[in-house]
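Protein chains in written order, with the numbering used here: chain A, 3 to 335; chain B, 16 to 216.
Beneath this line is the structure, given in structure tokens, with notes to follow.
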Amino acid sequence: MSLRTNPSGTVSSNPKTPREVLYWVEHGRISSDAALRHLSQLDRRSASAAATEGKANHTSQKDRADEVLRQLDQLVGLSGVKLLVREIRAFIEVQQRRLDFHLPQDTQMLHMVFQGAPGTGKTTVARLLGQLFEALGVLPKGHLVEVERADLVGEYIGHTAQKTREVIKRSLGGIMFVDEAYSLARGGEKDFGKEAIDTLVKAMEDYRGEFLLILAGYPHEMAWFMSTNPGLLSRFPIHLEFPDYNAQELLEIGRAMLAAGQYVLTKEAEQGFLKHLEDRQGNWHTNAGNARMIRNILEHAVRRQAVRLAGHLDAVTRHDLTQLTWADLEGGL
Amino acid sequence: MEALVVGKPNCGKSLFVVNFAAYLGLKEVRLEMMDQDGVVRHQKLPLEKARRQLVSHVAHKTQTMQSISVDILTGRHHHVICLTDTVGLTDEIHFENHIRRAMAMALDQLTHTSMVLHLIDASAIGLARPESLSLMDEAMARYASTIAPYAILANKMDRDLAKAGLDRVRERFRGQAIIPISAMTRRGFRDVKTFILRHWP
């Protein structure tokens, strides 16, 4: 490496290239802190040359956010959730615009509580939110770390805080999704779950804006959980309700699931299925599983269809392979 | 991948490099020294000897670029990291020719390295010592954080004044990754390793 030749040869007030900066340092014209400032300025100049590139990057960021919203729209039902996600998106974009005009930023906490029965889409929405926040630049990574009580609570005194902190470290830059969060408070006075809650609450302050905490669980239990710790309710300003799906929505979910595997319900099967769902609506067991229950029923139907066709495989047409009849469905109900 | 270790004179860069290499499992230091004419020399040293030979209380002991290559094992993966020690960067224009040249080399290396570890002496903040916080550190934070993964290592946390110093560093460099360490007692080395692995290109 040779730094001995002066590239410009003339005396000017500011160095033009990084090489010149280094030359000046070597010859005692500027100190290293000034050199660093010059270097970063030169860097910025080359950065502004690549500004067009940055703009393209910006639009792709918007595209990605739109893509995530499109995926969200494809979910059946959940109108309240969709509305809120749009609110959050608009809020974030307005905040970024405000920053351009040097207006103070509102640092809202976006920690959330998801309440809903099993199979109502809590995890799916959380995953989409992670992608959305990553696309909008709120979270650097946007990954989802799914945890449950066993991941947070330790076996002996002091173990819990350590374990919880490790999980928090893993979720920095993304979303930490605590499923069945109420179980943290269930064990009573001496349970270590309390320690996990305290550590989480502390981390929410320490790593403000670096990660997002989503607590999820069944409505009843979550309401009780929030009442156990006075600081909790106020720290989670956003409450999302995931209502149970009605029969029509369940059927639509089922159709989408089948379409992914290129299966179709016959007309008769669809009517029978809808009638069955409508009859039972409101009378499901609370933990029946909503969308997950539909998946199980349909998977059972697919297996029964296979048995029905396996008997005369040679005569089977493409059409037969895609059709699920009422007879296939009925056995699984 | 190369991690460039920069900082003021006497803030513990050389000791950090040697001890961190030892922490990562190195038994013998294989030094690659590039002196100011760009000539590369290789030297093998046992750790203890390296510590004695490379580290000193007098500022500007390190005047060449010294690299140590270390394997980091994570599970079954081999990562080879090159820790590069540099001369201490000062605010004033140094009167000695060869030290200025060494600084220019360090800055040159800075423009195309893949990671910057910036050491700050947390125990000397607010004191009038060559290793205390200065304009150079702020300029470094602003520049280095734009070009590569960048972490501030608040060193000498084993000393009494360091705790207050760490708070000052946190305040001053808000938004940067700050890892409290002690190159002497090897405190915080695990966090440094985590940081390096997390930002592996």
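C-beta: ideal position from N, C-alpha, C; glycine also.
Computed from a predicted model, the values in this text were never measured in an experiment.
| Query | Result |
| --- | --- |
| Pull out every residue of the region 18 to 38 of chain A whose Cβ sits closer than 9 angstroms to any Cβ of chain B, in chain order. | Pro20, Arg21, Val23, Leu24, Tyr25, Trp26, Val27, Glu28, His29, Gly30, Arg31, Ile32, Ser33, Ser34, Asp35, Ala36, Ala37 and Leu38 |
| Can you name, in chain order, every residue of its own chain whose Cβ lies under 6 angstroms from the Cβ of A/Gly121, other than the five neighbours on each side? | Gly291, Asn292, Ala293 and Arg294 |
| Going along the chain, which residues of its own chain have a beta-carbon closer than 6 angstroms to the beta-carbon of B/Leu46, five neighbours each way excluded? | Gln58 and Gln81 |
| DSSP three-state call for B/Asp175: helix, strand or coil? | coil |
| Run through the DSSP bridge pairs and tell me what B/Tyr165 is partnered with. | B/Val131 |
| I'd like the span of the alpha helix (DSSP H) that includes A/His29, first residue to last. | Taken as a continuous stretch (DSSP letters only), A/His29 belongs to no alpha helix (DSSP H), as it is neither H nor E. |
| Could you please tell me which residues of the region 171 to 190 of chain A, in chain order, have their CB closer than 9 angstroms to any CB of chain B? | Lys171 |
| Pop quiz: B/Val27 and B/Leu104 are said to be a contact at Cβ under 8 angstroms. What is the actual Cβ separation, rounded to whole angstroms? | The amino acid occupying residue 27 of chain B in the given sequence is Gly; Val does not appear at that position. Rounded, the Cβ-Cβ distance is 14 angstroms, inconsistent with contact. |
| Return the chain-ordered list of same chain residues with a C-beta closer than 6 angstroms to the C-beta of B/Asp100, the five sequence neighbours on each side being excluded. | Val20, Lys28, Ser29, Val32, Thr77 and Gln81 |
| I want to verify the contact list: residues of chain A whose CB lies under 7 angstroms from the CB of B/Ala119, in sequence order. | Leu5, Leu24, Val27 and Glu28 |
| Among residues of its own chain, excluding the 5 on either side of A/Leu146, which ones have a beta-carbon nearer than 7 angstroms to its beta-carbon? | Ala128, Arg129, Gly132, Gly176, Ile177 and Phe179 |
| Could you tell me the alpha carbon to alpha carbon distance between A/Lys18 and A/Pro239, rounded to whole angstroms? | 51 angstroms |
| So that I know if they touch, is there some Cβ in chain B lying closer than 7 angstroms to that of A/Glu55? | Caution is warranted here: a pLDDT of 48 is assigned to A/Glu55, below 50, making its placement in the model unreliable, and the coordinate value is therefore given only provisionally. False, the Cβ-Cβ gap to chain B never drops below 7 angstroms. |
| Out of A/Gly139, A/Thr125 and A/Leu86, state which residue places its alpha-carbon closest to the alpha-carbon of A/Gln97. | A/Gly139 |
| By Cβ distance, which residues of its chain are closer than 8 angstroms to A/Asn8, with the 5 residues on each side in sequence left out? | Summary for A/Asn8: the model assigns pLDDT 44, below 50, so the residue's position carries little reliability; its value from the coordinates is reported in the next sentence. Cβ neighbours of A/Asn8 beyond the five flanking positions: Glu22 and Tyr25. |
| Since B/Thr128 meets chain A, which of its residues come closer than 7 angstroms, beta carbon to beta carbon? | Result: empty, since nearest Cβ-Cβ is about 13 angstroms, beyond 7 angstroms. |
| Consider the Cβ of A/Glu41: report whether some Cβ of chain B lies at a distance smaller than 7 angstroms. | Reading off the sequence, residue 41 of chain A comes out as Leu, not Glu. For A/Leu41, the answer is yes, since a Cβ of chain B falls inside 7 angstroms of its Cβ. |
| By a C-beta neighbour count over all protein chains shown, 10 Å radius and 16 as the cutoff for buried, is A/Ala216 buried or exposed? | Contrary to the premise, residue 216 of chain A reads as Ile rather than Ala in this sequence. Buried is the call here. |
| Spell out whether any CB of chain A is found under 7 angstroms from the CB atom of B/Leu136. | The question names Leu, but residue 136 of chain B is Asp in the sequence shown. No, B/Asp136 lies away from the interface with chain A (no Cβ there is under 7 angstroms from its Cβ). |
| Going along the chain, which unbroken runs of the alpha helix (DSSP H) with 4 or more residues stay wholly within the region 75 to 105 of chain A? | 81 to 102 |
| Do the CB positions of B/Leu132 and B/Ala36 come within less than 7 angstroms of each other? | no |
| Helix or strand or just coil, what does DSSP make of B/Thr99? | strand |
| I'd like to check one pair, B/Asp106 with B/Val95: are the Cβ atoms closer than 7 angstroms? | no |
| Just curious, the beta strand (DSSP E) that B/Val193 is in, first and last residue? | The sequence as given places Ile at residue 193 of chain B; Val does not occur at that position. First-last of the beta strand (DSSP E) with B/Ile193: Ala192 to Pro195. |
| Taking the alpha carbon of B/Ala192 as the point to measure from, which residue in B/Asp173, B/Met199, B/Thr161 and B/Ala198 has its own alpha carbon closest? | B/Thr161 |
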